[in-house]
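K.L.:
Below is one structure. I have some questions about it.
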Amino acid sequence: MPTCRLTHGQNDSGGLVTRRIVVIGVPSNIGIKPYDDGRPRGVDRAPTTLREQGVVERLSARDDGDVLPAPYRDFTRPHGRPRNDEELLDLTRRLSSRVARAVGAGEFPLVLGGDCSVVLGALAGLRRAGISRPGLVYLDAHADFATPEESKSGSVASMCLGLAVGRGQTILSALADTPALVLERHVALVGRRDDAEPWYGQRALRSSAVLDLPDAQVQTSGYLATAGSILERVGEPPVDGFWIHVDADVLTPDEIPAVDSPLPGGPCVEELGALVAALVAHPQAKGLELTIFDPLLDEGERGAGHLVRMLTLALAPLIGAGRVSDGAT
2 MPTCRLTHGQ NDSGGLVTRR IVVIGVPSNI GIKPYDDGRP RGVDRAPTTL
52 REQGVVERLS ARDDGDVLPA PYRDFTRPHG RPRNDEELLD LTRRLSSRVA
102 RAVGAGEFPL VLGGDCSVVL GALAGLRRAG ISRPGLVYLD AHADFATPEE
152 SKSGSVASMC LGLAVGRGQT ILSALADTPA LVLERHVALV GRRDDAEPWY
202 GQRALRSSAV LDLPDAQVQT SGYLATAGSI LERVGEPPVD GFWIHVDADV
252 LTPDEIPAVD SPLPGGPCVE ELGALVAALV AHPQAKGLEL TIFDPLLDEG
302 ERGAGHLVRM LTLALAPLIG AGRVSDGAT
């Protein structure tokens with residue numbers, strides 16, 4: 002099991018921020034390649050599973066229902082474009098409207114994916130809500146920085162951070178009036194441990210302006226200790242609001258093995274929850290998403306319980322819970 006290191010034993014979030022959490026489900030698997038046997042992956046079941054585990058009640062949240070995707074189309078990788086690109090463009094636009102409405106009302110959207118492509122809809126939603134210079138904290142075991150040509154799978158989940166900063170030309174590039182949904186210099190990528198998998202675009206990442214904090218580097222001081230460096234990147238002008246992406250595979254597979262591409266290393270639930278809580282407590286934090294959890298791979302729903310606990314810890318600054326009990330979820 003991983004060793005969790007929390008500075009002074011707990012999160013120091015700097016105070017409580019009162020905002021209503023609104024849950025938006027995106028039960029989509031169209032942004033990720035199918036299982037090896039050709040079936041669509043089970044990440045589309047995650048919003049329902051997490052609701053059944055009590056996430057809405059634990060967070061005292063408002064449930065805004067689901068944004069539903071079109072059926073999976075590109076079981077075979079298409080030539081010259083990402084899988085299901087037209088379907089993803091439609092889904093992304095509809096999600097952006099839902100996120101913009103929540104942010105405009107002063108709420109804090111928690112988007113439950115689904116696959117990683119939901120980050121595009123979230124960022125587009127911030128822009129629709131009037132946030133012209135958004136920032137992005139990208140907590141993920143993979144860089145997701147590939148272009149359609151570099152990607153091994155042809156799935157948007159392998160390239161969504163690259164698409165967000167304007168790498169590669171696809172129909173999804175039409176989501177913003179500018180060349181990118183978010184500028185590279187306003188992005189912090191945290192927890193990556195995919196150096197042995199170059200098809201995620203790491204070569205281009207090294208020459209980019211993205212703040213890259215790989216797991217091996219972060220583990221030397223602990224995840225919570227990186228909050229200051231992250232907020233220097235996304236929490237100060239000219240950034241006028243930032244989004245937090247949490248891919249379940251950033252967590253140690255000792256606790257969350259139910260993901261498509263688990264990699265050794267990563268923080269435990271308590272360590273990640275403390276880091277995200279420190280970010281959420283910042284007044285410029287506008288929303289959070291959780292992606293890639295696959296209930297079909299989750300024996301005994303153990304991973305679902307861990308994720309609900311992580312979200313409860315992470316969003317404690319918004320729900321007025323300075324400390325969260327260790328009770329079962």
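Okay, so the sequence shown: first residue is 2 according to the numbering used here, each after it adds one.
Idealized CB from N, CA, C, for every residue including glycine.
To the nearest angstrom, how far is the alpha carbon of V309 from that of D37?
P.N.:
Going from the Cα of V309 to the Cα of D37 covers about 28 Å.
K.L.:
Out of G242, P268 and P238, which has the shortest C-alpha to C-alpha gap to P215?
P.N.:
Distances from the alpha-carbon of P215 to those of G242, P268 and P238 put P268 closest.
K.L.:
So, P48 versus N30, is the Cβ gap smaller than 9 Å?
P.N.:
no
K.L.:
Report yes if the CB atom of G105 is closer than 9 Å to the CB atom of G131, and no otherwise.
P.N.:
yes
K.L.:
In this structure, what does DSSP give as the bridge partners for I25?
P.N.:
V112
K.L.:
For a test of the three-state rule: what should DSSP assign to G304, helix, strand or coil?
P.N.:
The answer is helix: DSSP assigns G304 an H, G or I state.
K.L.:
DSSP on G288, reduced to helix/strand/coil?
P.N.:
G288 falls in the strand class under three-state DSSP.
K.L.:
For R144 versus G169, is the C-beta distance shorter than 9 Å?
P.N.:
Rather than Arg, the amino acid found at residue 144 in this sequence is Ala. Against a cut-off of 9 Å, the Cβ pair of G169 and A144 comes out as no contact.
K.L.:
Within a Cβ cutoff of 6 Å, which residues of the same chain sit near L190, ignoring the five residues on either side of it in sequence?
P.N.:
Y139, V211 and D213
K.L.:
Report yes if the C-beta distance between I293 and D116 is below 9 Å; otherwise report no.
P.N.:
yes
K.L.:
Along the chain, where does the alpha helix (DSSP H) that runs through A101 open and close?
P.N.:
D86 to G105
K.L.:
Assuming I231 is part of the beta strand (DSSP E), what are its boundary residues?
P.N.:
No beta strand (DSSP E) holds I231; the alpha helix (DSSP H) holding it covers A228 to V235.
K.L.:
Where does D45 fall in DSSP's three states?
P.N.:
For D45, the secondary structure class from DSSP, reduced to helix, strand or coil, is helix.
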